[in-house]
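Trainee: If you scroll down you'll find the structure; I have some questions about it.
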Amino acid sequence: MASLKRSNESSLIQKCLDGNSDAQRELYDQFSGVLFAICLRYSKDEDQAQDMLQESYIKIFNNLANFKFQGSFEGWLKRICVNQCLDYLRKDRSHLFTDVNDDALQVSIPEKSSDALNEKYLMSLLRQLPLGYRTVFNMYAIEGYSHNEIASILGISENTSKTQLFKARRLLQKWLGNE
Amino acid sequence: MSDLGSNIDKLFKDGLGETKINPPNSIFNSVKGQINNPVPNSVATGSKVAAKTFGFTSIKVAVVATVAASAITGLYWLNANNTEKAEPKKVVQQKIEEDQHSNELNAREIEDTIVRKNAIQGVTENQSANNDNTYIDRQTNDAHPELWVIVEEDEAMEADVVDEVPRDFAKNPNSNSIVINDENISFDCKLVRSEIDIQDNSVNLNLTNISGDIIPIEINWGDIEPIRVVLENKIALKHKYFVLNSKEFKMDIRAIGKNCVQNNDRSLLIKNNLLSQEIIVPNIFTPNSDGLNDSFYVEMPQPKEFNLRVISPMKQIVFETKNWKDKWSGDFKDRRCGKGIYTVILKYKYSGDADWKSKTSTVWLNRN
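As you go down the protein sequences, you meet chains L and R in turn. If you count the first sequence from 1, position 1 lands on 1195 in our numbering, and the numbers rise without skipping. If you count the second sequence from 1, position 213 lands on 214 in our numbering, and the numbers rise without skipping.
Here it is in structure tokens:
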């Protein structure tokens, strides 16, 4: 089953490389949901997320030839997407790790639905975190980067990374507790 | 808290790690226009053949990957072993990543700030000298990607930020503040008066325009790309050099007037006391002759008087020295000391100090 998936993948990739627009559309459709969710996690609003997604896909299609068939294709796509999101944020880096007064943040905690911890709810909390907190929390908790890696990717110190994560967790904790 | 923390992490990872949210349809259309497609030739046959070759290569790749993976595991294992044997890092070193893009942006930002500030100064000319100053603090060392610096907490994150307010540097008792001004130097062409104040590794530069015109000035600090400023009245710049001990920099201030150019070359000897003033007493060492932390010694700037004692867990003085460069090999009377926690008592006096200062800590002597 896995090998079938793999051969489907490789033929899809090859078709995309050959410039087959149907195949490109298929590849886009297949992964756009996953990748858009990543972009949403890293962005402050939907416009920004759309920009990120667009840039990610442009990068993906133009670097498809570099995919070496090592590891999963989806993982590769996600990695490109995360890097693209970070690149996007880096343009704005001077504001990335400012000190934030946690209490002064204006937060609108959405109505608790039947499934209180559903995706939409979590996403809306996550996206209300200040930029620096959100970036580090995303990278550490969801993408699974280590502090060391985060520090070198973002050009900050490991300590900054740790504090930002700590503050992000504390804030989320508070919001979750307040529901 | 760590439990709570990882719970939160898990909650979000499980909740959002695999989420799919469909983006609006329009995005693909804008992507499509920017794909670099190959020139189409024999698309139909090409794809079939390629699919087969891909199948084959992926097997090959898999084999290579396995070999590579085992090699990496081997390396990792070796590494892990090594780290186990030794090495609490005495100094945390971190490389400031070269970031070409943001560097360019940054340089532009800085110039902008200077020019803008100058424009403002034109208006607030009569205010006190303090308010007239613009402080620029460049910490980027992108011109020296090979340079490794000791990064204080949160310093890296501040590295790219332009401060308009001077940052308070820790006052260092050993710092030698040197002020150089050019009042006594005769220039063929005198447009700008300069005053350079060197304090540890940071340099304050005050420039006063005496030409009566608005003139462009190029300042070459000697370690980064020169910066250009349009000077109207006065400007104060702050620059930080990255040096581990001491290094000489050629600094050049060039003012371009209507009829002549004033060149003011200086060489600045920068000694970094801020970094070296720290006293580093390692908390572990491993005398096993592997070249890593084989001896115990204190790292500090040269004191006037110095006394170091190491006391064994049995309360015996196993090492004592008055020379700050002496290293303890872990032996006492030609016998190896056993592993354990040793107490270190350090007393020192810098030149100019009236009283002894002391510092007590422990060091773990480890042998396998």
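Ideal Cβ positions, reconstructed from N, Cα and C, are used throughout, including at glycine.
Listed in chain order, which residues of the region 1247-1280 of chain L have Cβ atoms closer than 7 Å to some Cβ of chain A?
Mentor: Within the model displayed, chain A is absent; protein chains L and R are what it includes.
Trainee: Against chain L, does Ile22/R count as a neighbour if the rule is that its beta carbon must be under 8 Å from one of theirs?
Mentor: Closer than 8 Å to some Cβ of chain L, the Cβ of Ile22/R qualifies, so yes.
Trainee: Pair every Cβ in the region 1207-1217 of chain L with every Cβ in the region 1234-1246 of chain L, then say whether three or more of these pairs are closer than 8 Å.
Mentor: No: fewer than three Cβ pairs fall under 8 Å.
Trainee: Would you call the CB atoms of Ile216/R and Ile257/R closer than 8 Å?
Mentor: Their beta carbons are under 8 Å apart, which means Ile216/R touches Ile257/R by this criterion.
Trainee: Near Lys360/R, what residues of its chain come up, given a Cβ to Cβ distance below 6 Å and the 5 sequence neighbours on each side ignored?
Mentor: Closer than 6 Å at Cβ, skipping near neighbours: Leu347.
Trainee: Measuring only the C-alpha atoms, how far is Ser362/R from Lys316/R?
Mentor: Roughly 14 Å between the two C-alpha positions.
Trainee: Which residues in chain R have a C-beta closer than 9 Å to the C-beta of Glu1220/L? List them in chain order.
Mentor: Within 9 Å Cβ-Cβ: nothing; Glu1220/L doesn't reach chain R, min ~11 Å.
Trainee: Using DSSP with H/G/I as helix, E/B as strand and the rest coil, what is Glu233/R?
Mentor: If DSSP states are grouped into helix, strand and coil, Glu233/R belongs with coil.
Trainee: Mind listing which residues of the region 1224-1241 of chain L have their C-beta closer than 7 Å to chain R's C-betas, in chain order?
Mentor: If the cut-off is 7 Å between Cβ atoms, the region 1224-1241 of chain L has Ser1226, Gly1227, Val1228, Phe1230, Ala1231, Leu1234 and Arg1235 near chain R.
Trainee: What residue from Lys323/R, Gly341/R, Trp222/R and Phe297/R has the CA that sits closest to Ser330/R's CA?
Mentor: Checked all of Lys323/R, Gly341/R, Trp222/R and Phe297/R; the closest Cα to Ser330/R is Phe297/R.
Trainee: Can you tell me whether Phe1331/L is buried or exposed? The criterion is at least 16 other CB atoms within 10 Å of its CB, across all chains shown.
Mentor: Phe1331/L is buried by the Cβ-count criterion.
Trainee: According to a CB-to-CB cut-off of less than 8 Å, which residues of the region 13-37 of chain R neighbour chain L?
Mentor: So the close ones are Phe13, Lys14, Gly16, Leu17, Gly18, Glu19, Thr20, Lys21, Ile22, Asn23, Pro24, Pro25, Ile28, Phe29, Ser31, Val32, Lys33, Gln35, Ile36 and Asn37.
Trainee: Can you pull the chain R residues whose beta carbon is under 7 Å from the beta carbon of Arg1363/L, in chain order?
Mentor: Residues of chain R passing the Cβ test: Gly6 and Ile9.
Trainee: Could you confirm whether any beta carbon from chain R is found closer than 8 Å to the beta carbon of Glu1313/L?
Mentor: With 8 Å as the cut-off, Glu1313/L counts as an interface residue toward chain R.
Trainee: How would you write the range of the alpha helix (DSSP H) that Thr1357/L sits in, first residue to last?
Mentor: Start and end: Glu1352 to Gly1371.
Trainee: In whole angstroms, what is the alpha-carbon distance linking Tyr1365/L and Leu1323/L?
Mentor: The sequence shown places Leu at residue 1365/L, rather than the Tyr named in the question. C-alpha separation (whole angstroms): 8 Å.
Trainee: Just to confirm my understanding: we take Thr344/R, look at its own chain, exclude 5 residues before and 5 after, and list those with CB closer than 6 Å. What are they?
Mentor: Correct list, in chain order: Ile312 and Thr363.
Trainee: What are the partner residues of Asn8/R, as DSSP defines its beta bridges?
Mentor: Per DSSP, none; premise fails for Asn8/R.
Trainee: Could you pull the DSSP bridge partners for Tyr343/R from this structure?
Mentor: Its beta-bridge partners are Val364/R.
Trainee: Taking only three categories from DSSP, how would you classify Glu1249/L?
Mentor: Three-state result, Glu1249/L: helix.
Trainee: Please state whether the Cβ-Cβ distance between Ser195/R and Leu208/R is less than 8 Å.
Mentor: For Ser195/R and Leu208/R, yes; Cβs fall inside 8 Å.
Trainee: CA-CA distance, Arg1321/L and Asn182/R?
Mentor: Whole-angstrom Cα-Cα distance: 53 Å.
Trainee: State the DSSP-derived secondary structure class of Ala256/R, mapped to helix, strand or coil.
Mentor: Looking at Ala256/R - three-state DSSP - the assignment turns out to be strand.
Trainee: How big is the Cα-Cα spacing for Tyr349/R and Thr1354/L?
Mentor: Approximately 33 Å between the Cα atoms of the pair.
Trainee: What does a CB cutoff of less than 8 Å around Ile36/R pick up in its chain, not counting 5 residues either side in sequence?
Mentor: So the list is empty, once near-sequence residues are dropped.
Trainee: Thinking just about the alpha-carbon of each residue, which of Ser212/R, Glu233/R, Lys241/R and Leu192/R is nearest to the one in Leu206/R?
Mentor: Minimum Cα distance to Leu206/R is reached at Lys241/R.
Trainee: Can you tell me whether DSSP reads Leu293/R as helix, strand or coil?
Mentor: If DSSP states are grouped into helix, strand and coil, Leu293/R belongs with coil.
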